[in-house]
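S.K.: I'd like to ask you about the structure that follows.
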Amino acid sequence: MTTKRIHILTHPLGANYGGIMQAYALQQALRQLGYDPVTLDIPFDQRSPLRRWAKSRLLTLKQIPYDQSRKAERIIQQHTSRFVQQHITLSPRLRSAKELREYYRQQPAHAYIVGSDQVWRQAFVPMLDDYFFRFIPESDPVRRIAYAASFGVDPIDIAPERTARYSDLLSRFVAISVRELSAVPILKQQFGASAQWVLDPTMLLTREEYIDLFGLRVEPSSGVFAYMLTDTPHKEALAQQIAQSQHTTYQLFSPWRHWTARGESLEECILPPVEAWLEGILNAQYVVTDSFHGVAFSLIFGKPFVAIVNNHGGCSRFDTLIKTFGLESQQEGAYELVSSPERYDVQAIAQKMSQHRTDSMDFIKNALR
Numbered sequence: 001m002t003t004k005r006i007h008i009l010t011h012p013l014g015a016n017y018g019g020i021m022q023a024y025a026l027q028q029a030l031r032q033l034g035y036d037p038v039t040l041d042i043p044f045d046q047r048s049p050l051r052r053w054a055k056s057r058l059l060t061l062k063q064i065p066y067d068q069s070r071k072a073e074r075i076i077q078q079h080t081s082r083f084v085q086q087h088i089t090l091s092p093r094l095r096s097a098k099e100l101r102e103y104y105r106q107q108p109a110h111a112y113i114v115g116s117d118q119v120w121r122q123a124f125v126p127m128l129d130d131y132f133f134r135f136i137p138e139s140d141p142v143r144r145i146a147y148a149a150s151f152g153v154d155p156i157d158i159a160p161e162r163t164a165r166y167s168d169l170l171s172r173f174v175a176i177s178v179r180e181l182s183a184v185p186i187l188k189q190q191f192g193a194s195a196q197w198v199l200d201p202t203m204l205l206t207r208e209e210y211i212d213l214f215g216l217r218v219e220p221s222s223g224v225f226a227y228m229l230t231d232t233p234h235k236e237a238l239a240q241q242i243a244q245s246q247h248t249t250y251q252l253f254s255p256w257r258h259w260t261a262r263g264e265s266l267e268e269c270i271l272p273p274v275e276a277w278l279e280g281i282l283n284a285q286y287v288v289t290d291s292f293h294g295v296a297f298s299l300i301f302g303k304p305f306v307a308i309v310n311n312h313g314g315c316s317r318f319d320t321l322i323k324t325f326g327l328e329s330q331q332e333g334a335y336e337l338v339s340s341p342e343r344y345d346v347q348a349i350a351q352k353m354s355q356h357r358t359d360s361m362d363f364i365k366n367a368l369r
C-alpha cells in the first residue's frame with residue numbers, strides 16, 4: 001500500500017500516561033495499515049481552564065515563581081516528554097489557530113482524524129471548533145474522521161448555541177466513532193450524526209505487542225499497583241486494605257502526587273517513565289485505579305482490578321468498559337471499601353477484545369478508503 005499522510009488531533013501530550021499511550025497506539029495502528037500518521041502538536045492555550053487550574057496548583061503547592069514554572073514543568077515531565085519524542089511523530093508546534101491553518105495549507109493529507117480521549121469536552125479544549133475541523137474549508141474533500149472521540153461527561157458540556165455549528169461540521173465527516181456507548185445516541189439526538197462505538201486506541205494493540213515494542217520486563221505477578229489520577233486518603237485506604245487482605249505489598253503510582261508534593265525538591269517530583277507505568281500494571285497481582293486507561297491496560301494485560309468511579313460525573317467511560325466486557329463486579333461506584341478485586345476469565349475477555357479490535361480496525365480501514 002502506498003504510504004499516505006494522516007493528521008491527528010488529540011489532547012496535548014504532556015504528563016497524562018493514558019493520553020500519551022492512546023496517541024501512540026493510534027499512530028501504531030495506522031502504521032500497520034501502511035499510513036504515515038502525524039499528531040498535530042497543539043499545546044494547551046493559556047486560556048484553557050484546565051491549564052490555568054493545573055498551573056495554579058503547581059505554583060501554589062510548590063511555591064514556584066511564575067517565571068520558573070515552565071522550567072519546572074520541563075523537569076517534572078522529562079521522562080514522559082522523552083517517550084513522546086521517541087515514539088510519537090509530531091508536527092511542528094502549532095501555537096495558534098493561525099498556525100494550524102497555515103500548516104493545513106502547506107501540508108496536504110489523505111485524512112484528518114480527531115481522537116481519541118476527551119477531544120469534544122468544551123471545558124478542556126479552548127479551540128473546540130478546530131476539533132470539529134472548522135479550519136478545513138467545506139469545499140476540501142479531505143477525509144474527516146472521528147476515532148473513539150469522547151465528550152468526557154454525560155450530559156455533555158457543549159454550549160447549546162454551538163449545536164447547529166457542530167451539526168453542520170459533523171455532517172462533513174466521512175465516519176464518526178466514539179469511545180463511550182452513551183455518545184452514540186447523544187450524537188444522533190443532539191447533532192443528527194450517526195456514530196459507531198469502537199475500542200479506545202490503546203486496545204488496538206495486544207499485550208504481546210506492548211511487551212515487544214517497549215522491551216517491558218515480565219516478572220511474576222506480585223503486589224497491589226494503585227494508579228490514582230487524584231490521590232485521596234480514601235482511595236489509598238482501599239488499595240491498602242486489598243494489599244493487607246492478600247498479604248502482599250502495595251505501591252502507589254500517582255502523577256498528581258509528584259506535581260503537588262510539599263517540602264520536596266523539584267527533582268523528587270519528576271514523573272516516572274511511561275515504561276515504568278506499563279510495567280507496574282503488567283507485573284501487578286492486583287490493580288486499583290481511578291483512571292480509564294488504568295482499567296484499559298488492566299484488561300489488556302489480564303489483571304484483576306477495582307475501578308474507583310465517582311458517580312457524580314464522568315463515569316460513562318468506565319461504564320462502557322465495564323458493560324462491554326461484563327465486569328460489573330469490578331466497579332466501586334461510591335468508593336465503597338472491598339476486600340479484594342474479583343478475578344475474571346482472562347481468556348474470555350481476550351476473545352471479546354480481539355473481536356472488538358477487528359471491528360475497530362475495520363472501521364479505520366473503511367473510513368480511510
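Here the sequence shown stands for residues 1 to 369, where the numbers follow the UniProt record's numbering. Ideal Cβ positions, reconstructed from N, Cα and C, are used throughout, including at glycine.
#1: Quick check: PRO255 and ALA15, are their CB atoms within less than 8 Å of each other?
#2: Report the three-state DSSP secondary structure of THR249 (helix, strand or coil).
#3: Please list the terminal residues of the continuous beta strand (DSSP E) segment that includes PRO92.
#4: According to the Cβ coordinates, are VAL224 and ALA239 closer than 8 Å?
#5: Is ARG104 helix, strand or coil when you go by DSSP?
#6: Evaluate VAL38 with the Cβ neighbour count: other Cβ atoms within 10 Å of its Cβ, from every protein chain shown; 16 or more gives buried, anything less gives exposed.
#7: Ends of the beta strand (DSSP E) at ILE6?
#8: Measure from the alpha carbon of PHE83 to the alpha carbon of each residue in TYR103, GLN246, PRO43 and TRP277, then state which is nearest.
#9: Measuring only the C-alpha atoms, how far is PHE297 from ILE281?
#10: How is ASP117 classed by DSSP in three states: helix, strand or coil?
#11: Got a sec? Which residues, its chain only, sit under 8 Å from SER81 by beta carbon, not counting five neighbours each side?
#12: Report all residues from its chain with a CB closer than 8 Å to the CB of LEU337; omit the five preceding and five following residues, and keep chain order.
#13: Please go through the segment 284 to 317 and give each complete beta strand (DSSP E) segment of 3 or more residues, from N-terminal end onward.
#14: Which complete beta strand (DSSP E) runs does the segment 177 to 261 hold, if anything under 3 residues is left out?
#15: Drop a sphere of 10 angstroms on the beta-carbon of VAL218, count the other beta-carbons inside from all chains shown, and report buried for 16 or more, exposed for fewer.
#16: Helix, strand or coil, according to DSSP, for VAL40 in the structure here?
#17: In its own chain, which residues sit with a C-beta less than 7 Å from the C-beta of LEU327, not counting the 5 before and 5 after it?
#18: Consult DSSP for ILE145 and reduce its assignment to one of helix, strand or coil.
#19: Taking ILE145 and ILE113 to be in contact with their CB atoms under 8 Å, please state how far apart those CB atoms are, rounded to whole angstroms.
#20: Could you compute how far the alpha carbon of LEU30 sits from the alpha carbon of ALA23?
#21: Below 8 Å, can you find three or more Cβ-Cβ pairs linking the segment 141 to 156 to the segment 177 to 193?
M.R.: Reading from the atomic positions:
#1: Taking the sequence shown and counting its residues from 1, the one referred to as residue 255 is at position 255. Taking the sequence shown and counting its residues from 1, the one referred to as residue 15 is at position 15. Cβ distance < 8 Å, so PRO255 and ALA15 count as in contact.
#2: Here residue 249 refers to the residue found at position 249 of the sequence shown. The answer is coil: DSSP assigns THR249 none of H, G, I, E or B.
#3: As a position in the sequence shown, residue 92 is number 92, starting the count at 1. PRO92 -> beta strand (DSSP E) spans 90 to 93.
#4: Translated into the one-based positions of the sequence shown, residue 224 becomes position 224. Translated into the one-based positions of the sequence shown, residue 239 becomes position 239. Contact: yes.
#5: On the sequence shown, position 104 is the one that residue 104 refers to. Note that residue 104 corresponds to Tyr in the displayed sequence, not to Arg. In this structure, TYR104 counts as helix in the three-state DSSP scheme.
#6: One-based indexing of the sequence shown puts residue 38 at position 38. Label assigned to VAL38: buried.
#7: Here residue 6 is taken as the residue at index 6 of the sequence shown, counted from 1. Its beta strand (DSSP E) spans residues 5 to 9.
#8: Start at 1 with the first residue of the sequence shown, and residue 83 comes out as number 83. Minimum Cα distance to PHE83 is reached at TRP277.
#9: On the sequence shown, position 297 is the one that residue 297 refers to. On the sequence shown, position 281 is the one that residue 281 refers to. Between PHE297 and ILE281, the C-alpha separation is close to 7 Å.
#10: Reading the sequence shown from its first residue, position 117 is the one you call residue 117. Note: ASP117 maps to strand in three-state DSSP.
#11: Here the question's residue 81 lines up with position 81 in the sequence shown. Closer than 8 Å at Cβ, skipping near neighbours: GLY14 and ARG74.
#12: Reading the sequence shown from its first residue, position 337 is the one you call residue 337. Bear in mind that a pLDDT of 44 at LEU337, under 50, signals an unreliable position, so the number given afterwards is only what the model happens to contain. ALA237, LEU238 and GLN241, listed in sequence order.
#13: 286 to 289 and 305 to 308
#14: Counting only runs that start and end inside the segment 177 to 261, the beta strand (DSSP E) elements of at least 3 residues fall at 224 to 227 and 250 to 253.
#15: The residue given as residue 218 occupies position 218 in the sequence shown. By the 10 Å Cβ count, VAL218 comes out exposed.
#16: As a working mapping, residue 40 is identified with position 40 in the sequence shown. Looking at the sequence provided, one finds Leu at residue 40 rather than Val. Three-state DSSP puts LEU40 in a strand.
#17: What you label residue 327 is simply residue 327 of the sequence shown in a count that begins at 1. Cβ neighbours of LEU327 beyond the five flanking positions: TYR344.
#18: For the purposes of this step, residue 145 is taken as the residue at position 145 of the sequence shown. ILE145 falls in the strand class under three-state DSSP.
#19: Start at 1 with the first residue of the sequence shown, and residue 145 comes out as number 145. Start at 1 with the first residue of the sequence shown, and residue 113 comes out as number 113. Yes, ILE145 and ILE113 are in contact; Cβ-Cβ is about 5 Å, under 8 Å.
#20: Here residue 30 is taken as the residue at index 30 of the sequence shown, counted from 1. Here residue 23 is taken as the residue at index 23 of the sequence shown, counted from 1. Near 11 Å, if we compare the C-alpha coordinates of ALA23 and LEU30.
#21: yes
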